[in-house]
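Numbering of the sequence shown is given in full-length UniProt numbering, commencing with residue 1 and proceeding in unit increments. Every residue gets a Cβ at the ideal spot worked out from N, C-alpha and C, and that includes glycine. A short worksheet on the structure shown next.
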Amino acid sequence: PPLSAEVSRPPGPRAAVPPGRPGDDDAGEDDGRISTPIAPASARGAAKGVPIQRGRATYYADKFKGRATASGEPYNPRALTAAHRTLPFGALVDVVRRDGRRVRVRINDRGPFKRGRIIDLSRRAAERIGLIHDGVTDVTLELIWKPARKPARRGR
């Protein structure tokens, strides 16, 4: 069957979107330029991140269950979390094995502190990429999102 006329028709005019607060994903530019709203990452499917680091991944031993992490929250082996030396708490990272298996984790702890290792995964995250069987594996970290830095407090 022939293609629909809508497929070959150029897109209609875009409406100007009023300026929004900084950080609004669907707000127009502050200078009044026309913009097209973009669906949030959750609506678009898995967003691909920016590769930031390559190295070895390990996972937490079960004996750490319930102990406080560096962020203050208790370690939960069923959560998709991880420890990284420098990424801010709350950052979202995709951990990608060479075979393409990946898992998205939230940084909530500091570590690992063994040379050559770049991330410690929760048990659930390790299970998702098959790390439980290997113990240690080569990975690439892709940064998906990191929280904005809070402004430094000034003395009074």
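- When Cβ pairs closer than 8 Å are counted between the two stretches, the stretch 92-106 is seen not to touch the stretch 62-70, the count staying below three.
- Relative to HIS84, the option among GLY72, ARG101, ILE129, ARG106 whose CA is nearest is ARG106.
- Where ILE132 is concerned, the enclosing alpha helix (DSSP H) starts and stops at 131-134.
- Between LEU121 and TYR59, the beta carbon gap of about 4 Å places them in contact (Cβ cut-off 8 Å).
- The Cβ-Cβ distance between ILE129 and VAL139 falls below 9 Å.
- Collapsing the DSSP output to three states places ALA83 in a strand.
- GLU142 has its alpha-carbon roughly 19 Å from the corresponding atom of ALA79.
- If you draw a straight line from the Cα of ILE118 to the Cα of THR86, it comes to about 10 Å.
- DSSP, reduced to helix, strand and coil, places ASP99 outside both helices and strands of the structure shown, so it counts as coil.
- Cβ neighbours of ASN108 within its own chain (closer than 7 Å, five residues either side excluded): THR69, SER71, GLU73, THR81, PHE89.
- ALA126 has its alpha-carbon roughly 9 Å from the corresponding atom of ALA57.
- Distances from the alpha-carbon of ARG123 to those of ASP99, HIS133, ILE144, TRP145 put HIS133 closest.
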